[in-house]
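Worksheet: one structure, shown below.
Protein chains: 2
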Amino acid sequence: MLYVIGLGLSDETDITVKGLEAVKKSERVYLEAYTSILTVGKEKLEEYYGKPVIVADREMVESDSDSILANADTIDVSFLVVGDPYGATTHTDLVIRAREMGIPVQVVHNASIMNAVGACGLQLYNFGQTISIVFFTDTWRPDSFYDRIKENMDLGLHTLCLLDIKVKEQSIENLARGRKIYEPPRYMTVNQAVEQLLEIEENREQGICTPESLAIGCARIGTATQKIVAGSLSQLLDVDFGGPLHSLVLVGSRMHDMEADFIREFAFDKVSFDDLVKKHHEKNK
Amino acid sequence: MLYVIGLGLSDETDITVKGLEAVKKSERVYLEAYTSILTVGKEKLEEYYGKPVIVADREMVESDSDSILANADTIDVSFLVVGDPYGATTHTDLVIRAREMGIPVQVVHNASIMNAVGACGLQLYNFGQTISIVFFTDTWRPDSFYDRIKENMDLGLHTLCLLDIKVKEQSIENLARGRKIYEPPRYMTVNQAVEQLLEIEENREQGICTPESLAIGCARIGTATQKIVAGSLSQLLDVDFGGPLHSLVLVGSRMHDMEADFIREFAFDKVSFDDLVKKHHEKNK
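Set out below in structure tokens:
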């Protein structure tokens with residue numbers, strides 16, 4: 001059996017009892033460590049499970065999935081994913097491959113940012129499509145998600161923006177020379193995301209994410225150090241959200257009063273927040 | 001401390017280790033039992049936790065939340081929610097009330113249908129807003145969600161339809177006479193949802209959910225008896241999905257090949273599925 005197990009969002013105790021039981025009876029345990037992270041590392045998980053954990057990088061999952069699946073028709077193998085197993089397309093690939101090999105698969109679900117973002121006070125059914133913001137480089141500044149945000153905004157819907165993670169990336173020089181030397185991991189901050197959004201807005205000028213637009217910065221949702229701040233994009237530009245992972249929510253015009261009441265608790269400052277909400281409603285009438 | 005704890009989707013072992021630890025040290029444990037259900041009942045949970053569980057109905061949560069919150073500033077109280085705590089607005093109310101009373105709140109997240117629906121093979125970021133389909137009555141046949149589906153469809157996005165649950169409802173006669181006699185719980189099936197959608201389509205005629213529209217019926221997602229069937233609405237009309245809970249996904253035109261590959265495994269029948277996918281893409285070009 002291949003168990004694909006969501007670990008949730010915070011630490012080793014966010015695994016479900018069902019998931020933990022599967023890990024305990026598995027002969028091999030893999031940890032997918034390139035689409036998200038917990039607040040604890042592999043060592044802590046090994047101590048908690050009482051067995052070794054093999055870190056599976058993107059290369060292994062995408063090009064060498066057969067090594068992960070070896071013998072999984074006769075023994076139990078666990079593949080651990082931060083959040084929920086269906087958060088990233090690569091895990092879907094692994095499940096499809098297992099099916100092709102006739103290996104039974106059991107998925108153990110858990111929280112992911114896709115539902116835990118409800119912690120910011122906005123109702124999940126008022127969200128439109130989710131977008132991903134990737135790190136700009138000198139030569140690559142993709143902005144197609146601006147159109148997706150606009151589609152959501154036109155309907156009055158909120159937008160969850162997932163922020164880029166770069167793990168085990170090679171510098172262009174090391175890549176060119178075939179040296180397997182990796183850069184330190186990078187996690188996009190709310191500040192960086194806002195900066196990029198404002199730059200795109202300057203180019204596109206459709207009023208989708210202006211300095212006055214209402215947004216909610218979220219850091220480490222579901223953990224003990226969770227930080228949520230609601231304010232204008234210009235206010236969020238300089239807020240220190242602390243360590244990863246961060247995400248950003250752009251607030252749509254369908255926000256109702258109960259949502260605003262809940263969010264007010266997280267306001268950058270309450271006076272300007274009330275003013276922002278008023279303008280937000282007026283602008284979107 | 002008020003712990004608001006997600007129980008996940010299936011049975012007593014879907015609670016997280018963190019959630020179980022909180023339950024074990026709580027003096028009172030409430031179970032919200034009117035927006036969703038597990039595959040096991042209150043008795044099983046009591047046995048598993050080794051302590052009594054108080055069932056909190058809508059009336060208690062909405063009108064008598066202060067009894068739930070009593071002394072929670074000095075003792076630990078757990079409020080259990082099937083799925084994730086932020087799945088329903090009533091839980092948000094409880095958190096706001098606790099805040100007003102100065103009671104510290106800790107939320108323990110878990111899977112909910114909002115993210116576990118990824119199990120059907122569609123990517124979560126391709127979903128638009130989520131809608132709820134309520135039971136039609138003789139005199140009340142609301143169809144405003146048709147416009148929401150159309151908004152999603154116009155953007156090529158998938159729509160998750162949550163299906164109605166009626167728990168502890170009174171008949172009109174019993175309500176009028178003030179008799180606290182309750183009807184047996186009712187859970188909308190995929191078949192009933194499809195029937196209502198087709199009726200609305202007949203009235204509205206915008207081609208949003210026709211008998212040929214591609215959809216995925218889901219039952220008991222995240223449980224051992226999970227059932228997923230993909231096909232046209234007319235095919236899904238007569239599929240026996242078994243016991244609750246059911247939900248329905250209407251497939252948007254942005255479905256890419258990898259999604260279709262994954263879903264094919266769940267096809268009502270594979271030949272007509274390939275044909276449906278072809279027509280789905282042609283129609284939406």
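Same order as they appear, the protein sequences are chains A and B. So that you can map any letter, position 264 of the first sequence is 264 in full-length UniProt numbering, and since no number is skipped, the others follow by simple counting. So that you can map any letter, position 79 of the second sequence is 79 in full-length UniProt numbering, and since no number is skipped, the others follow by simple counting. All residues carry an ideal CB built from backbone N, CA and C; glycine is no exception.
For the alpha helix (DSSP H) containing residue i, list its first residue and its last residue.
i	result
residue 226/A	From DSSP, residue 226/A is part of no alpha helix (DSSP H); its letter is neither H nor E.
residue 61/B	58-63
residue 114/A	113-116
Provide the residue span of the beta strand (DSSP E) that contains residue i, from first to last.
i	result
residue 105/A	105-108
residue 159/A	159-163
residue 3/A	2-6
residue 132/A	131-133
residue 216/A	214-219
residue 247/B	246-250
Taking C-beta pairs closer than 8 Å, name the residues in chain E that residue i reaches, listed in chain order.
i	result
residue 21/B	Looking at the structure shown, chain E is missing, and the protein chains on hand are A and B.
Mapping DSSP to helix, strand and coil, what is residue i?
i	result
residue 268/A	coil
residue 124/B	helix
residue 22/A	helix
residue 278/A	helix
residue 87/A	helix
residue 41/B	coil
residue 172/A	helix
residue 198/A	helix
residue 69/A	helix
residue 32/A	strand
residue 80/A	strand
residue 150/A	helix
residue 231/B	strand
residue 204/A	helix
residue 186/A	strand
residue 54/A	strand
residue 13/A	helix
residue 180/A	coil
Shorter than 7 Å from the beta carbon of residue i to some beta carbon of chain A?
i	result
residue 73/B	no
residue 17/B	yes
residue 130/B	yes
residue 31/B	no
residue 1/B	no
residue 242/B	no
residue 112/B	yes
residue 252/B	no
Let's test the definition: count the other Cβ atoms within 10 Å of the Cβ of residue i and tell me whether it reaches 16, buried, or not, exposed.
i	result
residue 175/A	exposed
residue 18/A	buried
residue 220/B	buried
residue 251/A	buried
residue 171/B	exposed
residue 152/A	buried
residue 130/B	buried
residue 88/A	buried
residue 141/B	exposed
residue 55/A	exposed
residue 50/B	exposed
residue 70/B	exposed
residue 64/B	exposed
residue 11/B	buried
residue 181/A	exposed
residue 225/B	exposed
residue 32/A	buried
Give the interface partners of residue i over in chain A, defined as CB-CB distance under 7 Å, in chain order.
i	result
residue 261/B	96
residue 155/B	151
residue 222/B	109
Does the CB of residue i have a neighbour CB from chain B at under 7 Å?
i	result
residue 92/A	yes
residue 84/A	yes
residue 115/A	yes
residue 118/A	yes
Which residues in chain A sit within 9 Å of residue i, going by Cβ to Cβ distance?
i	result
residue 9/B	109
Which residues in chain B sit within 7 Å of residue i, going by Cβ to Cβ distance?
i	result
residue 127/A	129
residue 123/A	89
Could you name the residues of chain A that residue i contacts, counting a contact when the two beta carbons are closer than 8 Å?
i	result
residue 99/B	265
residue 6/B	111
Could you work out which residues of chain B lie near residue i, taking near to mean beta carbons separated by less than 9 Å?
i	result
residue 258/A	89, 92, 93 and 96
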